[in-house]
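Comments concern the structure below.
Residue numbers (my numbering): 86 to 589.
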């Protein structure tokens, strides 16, 4: 709404809620007794929970009228702001709005209103500057906040929960003007929430924990330094994909990939913690230029929230890790924001399940089947997706790592290549392997184990080795029956089995 070098006006409504008349039948519910005399409200009263909502609804037609005239106007209850490109336009539009309000019976507070166009205006407790496109705390509000913090730091053992709650919310309200506000209020919020949940008296002094005191000290010493924040939206310049599993993490940036394994201590953390740690490792691994805005693509909504909100209050380990991530970004002058991946990632390096056993050989070359057809694609069975049935992700084999996890093989007749033979077996508790033609389960398979057996290549000039049509059909039927039995043993439903077998 606000653009660089715009001119601003503010309009304040006097006794805003008192403009709303109450129905005579409802006035008896808003009564008070003073000096033996009973009084009742004839207008809406301050403090009634439903009045702000009703007041906003009543103001909406006026705002819609102003916007239909081409005005850029916004209102929060009785505080209105008008934005215009030039000083003359601001004067003209401000006069129109004031006249319309007075015509409708509203009382404008001219003492609090700013009707002379300016490029720096105080609105809703913040100073807006259209030259620098920044919002900051006004000097008086800055001094008052630092004074309140100093009083708590001087006597940390004699503060009541009510005072701590007040200072925490005042600091939290400064988020719009101070970039790391959320990052250095999480312990205060956590402490405040724990206090609210308890049955202790809010006016009895309590001892503050060390983490909350350290946050207050940061605010006292850094409030002036960080005062002022751009209200322009940031556009990411780089995109990083991250993912984590029970055994390791993976990430990709442009054409670079990186991965690693968890230590025993890291592996014992929650999956949300590991997803956030994967993002941290990605930032530290890649040589991303400073002054960049990085978009982190992840499939974990909790780690996403802890990145975008500069931490959280539900998990202390997650909070500590998020604080480390953001402190590192501030030191390297990097901005980050996270976005949820709603579809399977096009880049497989971050989505291959590193904790699953390998099925088939560890391929470092294309696999050629018995009938000289080359397999150059792998289908990875991942989590379900609305776009791909059974969550299948496709990618050319030459772009995959050497170790291929849980694939089903899909033929490609494009080119011949070196022959490959070999067999491995792997436990497959929760997925299946769909055998292609001439790739059949080994007769030694037992339980839920499946083996891909690549048979020796036939000589194309020796027709006597080719099976007859009848033998081939019998082998096909036998192969399908064996595969069906194996799929049933891993608890797949009938519909899934039929769909898989239909892809022969």
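The beta-carbon is built from N, C-alpha and C at its ideal position, and this holds for glycine as well.
Since this is a predicted model, take the numbers as computed values, not measurements.
Simplified DSSP state of residue i, which is helix, strand or coil
i           : result
residue 369 : helix
residue 393 : helix
residue 309 : helix
residue 446 : Confidence at residue 446 is low in this model, with a pLDDT of 31, below 50, so its placement is unreliable and no value can be given for it.
residue 277 : helix
residue 154 : coil
residue 399 : coil
residue 175 : helix
residue 347 : coil
residue 458 : Note that residue 458 has pLDDT 43, beneath the 50 cutoff, so the model's placement of it is unreliable and the number below is only indicative. Three-state result, residue 458: coil.
residue 384 : coil
residue 292 : coil
residue 411 : helix
residue 592 : Outside the displayed span of the chain (86 to 589) sits residue 592, for which this structure offers no information.
residue 421 : strand
residue 363 : helix
residue 284 : coil
residue 160 : strand
residue 480 : Model confidence at residue 480 stands at a pLDDT of 39, short of 50, so the residue's coordinates are unreliable; what they give is reported in the following sentence. Strand, per DSSP.
residue 110 : helix
residue 520 : Note that residue 520 scores a pLDDT of 36, beneath 50, so its modelled location is shaky; the value from the coordinates is reported in the next line. Looking at residue 520 - three-state DSSP - the assignment turns out to be coil, as it is neither helix nor strand.
residue 572 : helix
residue 585 : helix
residue 121 : coil
residue 353 : coil
residue 427 : coil
residue 180 : helix
residue 100 : coil
residue 142 : helix
residue 251 : helix
residue 377 : coil
residue 562 : helix
Residues sharing a beta bridge with residue i, DSSP
i           : result
residue 314 : 220
residue 190 : Beta-bridge pairing links residue 190 to no other residue.
residue 168 : 93 and 157
residue 116 : 125
residue 269 : Partner(s): none; residue 269 has no beta bridge.
residue 135 : DSSP output for residue 135 lists no bridge partner at all.
residue 338 : 325 and 341
residue 263 : 312
Cβ pair residue i, residue j closer than 7 Å
i           : j           : result
residue 394 : residue 232 : no
residue 384 : residue 356 : no
residue 158 : residue 151 : yes
residue 130 : residue 117 : no
residue 381 : residue 423 : yes
residue 191 : residue 98  : yes
residue 211 : residue 262 : yes
residue 178 : residue 156 : yes
residue 300 : residue 272 : yes
residue 213 : residue 220 : yes
residue 218 : residue 310 : no
residue 241 : residue 298 : yes
residue 122 : residue 112 : no
residue 103 : residue 128 : yes
residue 275 : residue 171 : no
residue 245 : residue 256 : no
residue 318 : residue 358 : no
residue 388 : residue 361 : yes
residue 329 : residue 352 : no
residue 164 : residue 209 : yes
residue 160 : residue 144 : yes
Near the ligand PLP: residue i beta-carbon under 6 Å from a heavy atom
i           : result
residue 125 : With respect to the ligand PLP, the structure offers nothing, as it holds no ligand at all.
(message) Quick test of the definition: if touching needs 3 or more C-beta pairs under 8 Å, does the stretch 334 to 348 touch the stretch 397 to 407?
(response) no
(message) Does the contact criterion of 3 or more C-beta pairs under 8 Å hold for the stretch 91 to 106 versus the stretch 195 to 211?
(response) yes
(request) Taking only runs that begin and end inside the stretch 192 to 244, name each unbroken alpha helix (DSSP H) of 4 or more residues, in chain order. (result) 224 to 239
(request) Tell me, please, whether the stretch 357 to 371 touches the stretch 412 to 425 by the rule of three or more beta-carbon pairs shorter than 8 Å. (result) yes
(message) Counting beta carbon pairs with one atom in the stretch 218 to 235 and one in the stretch 300 to 313, are three or more of them shorter than 8 Å?
(response) yes
(request) Determine contact between the stretch 273 to 284 and the stretch 232 to 250, defined as no fewer than three beta-carbon pairs at a distance below 8 Å. (result) yes
(request) Check whether the stretch 291 to 300 touches the stretch 323 to 331, taking contact to mean three or more Cβ pairs, one atom from each stretch, closer than 8 Å. (result) no
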